[in-house]
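Novice: Take a look at this one; I'll ask things after.
There are 2 protein chains.
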Amino acid sequence: MKLYDTKLAPNPRRVRIFLAEKGITVPTQEISIMGGEHKTDAYRKLSPMALVPALELDDGRVLTETVAICRYFEELHPAPALMGTDAFSKANVEMWQRRMEMELFLPIAMTFRHTHPAMAQLEEQIAAFGEVSRGRATRRIDILDADLGKTRYIAGDAFSIADITAMVAIDFGRSARIKVPETATNVQRWYAEVSARPSAAA
Amino acid sequence: MKLYDTKLAPNPRRVRIFLAEKGITVPTQEISIMGGEHKTDAYRKLSPMALVPALELDDGRVLTETVAICRYFEELHPAPALMGTDAFSKANVEMWQRRMEMELFLPIAMTFRHTHPAMAQLEEQIAAFGEVSRGRATRRIDILDADLGKTRYIAGDAFSIADITAMVAIDFGRSARIKVPETATNVQRWYAEVSARPSAAA
Chain P
1 MKLYDTKLAP NPRRVRIFLA EKGITVPTQE ISIMGGEHKT DAYRKLSPMA LVPALELDDG
61 RVLTETVAIC RYFEELHPAP ALMGTDAFSK ANVEMWQRRM EMELFLPIAM TFRHTHPAMA
121 QLEEQIAAFG EVSRGRATRR IDILDADLGK TRYIAGDAFS IADITAMVAI DFGRSARIKV
181 PETATNVQRW YAEVSARPSA AA
Chain A
1001 MKLYDTKLAP NPRRVRIFLA EKGITVPTQE ISIMGGEHKT DAYRKLSPMA LVPALELDDG
1061 RVLTETVAIC RYFEELHPAP ALMGTDAFSK ANVEMWQRRM EMELFLPIAM TFRHTHPAMA
1121 QLEEQIAAFG EVSRGRATRR IDILDADLGK TRYIAGDAFS IADITAMVAI DFGRSARIKV
1181 PETATNVQRW YAEVSARPSA AA
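Here's what the structure looks like:
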């Protein structure tokens, strides 16, 4: 088994943190996105849309998509559970993971892609969309502050993949000049806690 | 249990098709988006981001997010499986579902939102982003044609939630003037097959 990884990109980090929480070690191969390694024919045979991460199994089958790769490890190594344990908690974690992905991570990624000078050569930038995305991300952080006034972790009492997605999104936000305001004390409290877990260094 | 539904929107249709494939009947309540019912305080208590669908359980707990709602029913009623049956197939279906969602459904939705006159009053439209999204969706249909040259269904030999997402995306494409070209014969063959299933009428 081999994980195709990119140290500086947020999606591979989600997988690395997930594996660290599970205590699983997987051989990795670094793919340099700035060096264009993800767009080579060899890599596209593994990941047709040139996305990183990708997981190659020993029999040659390949999984792409961060959450699908996490799902595979969750099925193989259920403990500690990071995607729920029964029908409701599995659905609830999925709901929160998706909220954090679509409402926080994605607008932050869109802000970065459409406004950051370093992305100008890789992306057809539309600055106006970048700024709309910045507004969406900023408003979602405010809502997240209300959410985290009610629960310890994003999806409730237990740390889950939803926390990983949200923490990586918040860290990614720095690249897009999106910060958690000092007034968002619940997000600050949660972020300090999840960032202090050893897995956060992955 | 009650499903908050909107007949004309694509995401609730994904849940309806999923339930029809499972043979499950759930009481529904129609939420008129054009009538603004999703933005009322009463509905926001169920679905804070004003999204439809939402599933209210008998004990008052609520799930939002299409795929999370589907996950809940998949866990309660595993047969027929629409999200895989073992570690690899669950991850593989999730991978394809996400590909169809992020690479096809989302760009089609963005094209619709950012270019359709009917959305001008609901959305801060950025026409240039709509056209970039149109190009992404169109190119993904071409890639899907190559994908479906290798397999009967999107995720392999078995019909799955990935087919539901892709079929609903293709139908939604009409609202954005995105069509499957006649030359995409594999997509045409697949679309004819999945559209002929009784569930497609849901």
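Heads up: the sequence lines are chains P and A, in that order. Under this note's numbering, the first residue of the first sequence carries the number 1, and numbering increases by one thereafter. Under this note's numbering, the first residue of the second sequence carries the number 1001, and numbering increases by one thereafter. For each residue, glycine too, the CB sits at the ideal point set by N, CA and C. Since the structure is predicted, the reported quantities are computational estimates derived from the model, not experimental observations.
Could I get the ranges of all uninterrupted alpha helix (DSSP H) runs contained in the region 1092 to 1175 of chain A, with 4 residues as the minimum, in chain order?
Specialist: Taking only runs of at least 4 residues, the alpha helix (DSSP H) segments lying wholly in the region 1092 to 1175 of chain A are 1106 to 1115, 1127 to 1147, 1161 to 1173.
Novice: Excluding the five sequence neighbours on either side, which residues of its own chain have a C-beta within less than 8 Å of the C-beta of residue 188(P), listed in chain order?
Specialist: Cβ within range, chain order: 180, 182.
Novice: According to the neighbour-count rule (16 or more other Cβ atoms, all chains shown, within 10 Å of its Cβ), is residue 1144(A) buried or exposed?
Specialist: Counting Cβ neighbours within 10 Å, residue 1144(A) comes out buried, since at least 16 surround it.
Novice: Quick check on residue 1066(A): does DSSP put it in helix, strand or coil?
Specialist: Reduced to three states, the DSSP call for residue 1066(A) is helix.
Novice: Between which residues of its own chain and residue 1033(A) is the CB-CB distance below 6 Å, once the five residues before and five after are set aside?
Specialist: So the qualifying residues of the chain are 1006.
Novice: With three or more C-beta pairs closer than 8 Å as the rule, is the region 44 to 62 of chain P touching the region 76 to 94 of chain P?
Specialist: These segments do not touch.
Novice: With a cut-off of 8 Å, do at least 3 Cβ pairs link the region 70 to 79 of chain P to the region 134 to 144 of chain P?
Specialist: No: fewer than three Cβ pairs fall under 8 Å.
Novice: For residue 1092(A), return the contacting residues in chain P, with the cut-off set at a CB-CB distance below 9 Å.
Specialist: The contacting residues are 61, 63, 68, 72.
Novice: Can you give me the Cβ contacts of residue 1072(A) inside the same chain, cut-off strictly under 8 Å, excluding the 5 residues immediately before and after it?
Specialist: Excluding positions up to five away in sequence, the list reads 1055, 1063.
Novice: Going straight from the alpha carbon of residue 26(P) to that of residue 2(P), what length do you get?
Specialist: Approximately 6 Å between the Cα atoms of the pair.
Novice: Quick one: list the residues of chain P neighbouring residue 1088(A), beta-carbon separation under 9 Å, in chain order.
Specialist: Within chain P, the residues near residue 1088(A) are 57, 61, 63, 72, 75.
Novice: Just reading off the alpha helix (DSSP H) that residue 206(P) is part of, what are its end residues?
Specialist: The first residue shown for chain P is 1 and the last is 202, placing residue 206(P) beyond what the model contains.
Novice: Does any residue of chain A have a CB that is nearer than 9 Å to the CB of residue 99(P)?
Specialist: Yes, residue 99(P) lies at the interface with chain A (some Cβ there is under 9 Å from its Cβ).
Novice: Report the three-state DSSP secondary structure of residue 1006(A) (helix, strand or coil).
Specialist: Correct three-state label for residue 1006(A): coil.
Novice: Between the region 8 to 17 of chain P and the region 163 to 182 of chain P, are three or more C-beta pairs nearer than 8 Å?
Specialist: Enough Cβ pairs lie closer than 8 Å, so yes.
Novice: Anything in the region 111 to 130 of chain P with a Cβ closer than 8 Å to a Cβ of chain A? List those residues in chain order, please.
Specialist: Residues 124, 126, 128, 129.
Novice: If the cut is a Cβ gap below 8 Å, which residues of chain P does residue 1103(A) touch?
Specialist: Those within 8 Å of residue 1103(A) in chain P are 49.
Novice: Nearest chain P C-beta to residue 1132(A) closer than 9 Å, yes or no?
Specialist: With 9 Å as the cut-off, residue 1132(A) counts as an interface residue toward chain P.
Novice: When the Cα atoms are used, what is the spatial distance from residue 35(P) to residue 122(P)?
Specialist: Residue 35(P) and residue 122(P): Cα-Cα distance of roughly 12 Å.
Novice: Could you list which residues in chain P have their beta carbon closer than 7 Å to that of residue 1095(A), in chain order?
Specialist: Chain P residues near residue 1095(A): 63, 64, 65, 68.
Novice: Have a look at 1086(A), 1074(A), 1095(A) and flag the residue whose alpha-carbon is nearest the alpha-carbon of residue 86(P).
Specialist: Out of 1086(A), 1074(A), 1095(A), 1074(A) has the C-alpha closest to the C-alpha of residue 86(P).
Novice: Between residue 1143(A) and chain P, is the shortest Cβ-Cβ distance under 9 Å, so that the two count as touching?
Specialist: By this cut-off, residue 1143(A) is an interface position.
Novice: So what's residue 57(P) in DSSP terms, helix, strand or just coil?
Specialist: Residue 57(P) falls in the coil class under three-state DSSP.
Novice: Give a yes or no on whether the C-beta atoms belonging to residue 51(P) and residue 38(P) are separated by under 9 Å.
Specialist: Yes, they are a contact pair.
Novice: Hey, would you say residue 1165(A) sits closer than 9 Å to residue 1105(A), going by beta carbons?
Specialist: Cβ distance < 9 Å, so residue 1165(A) and residue 1105(A) count as in contact.
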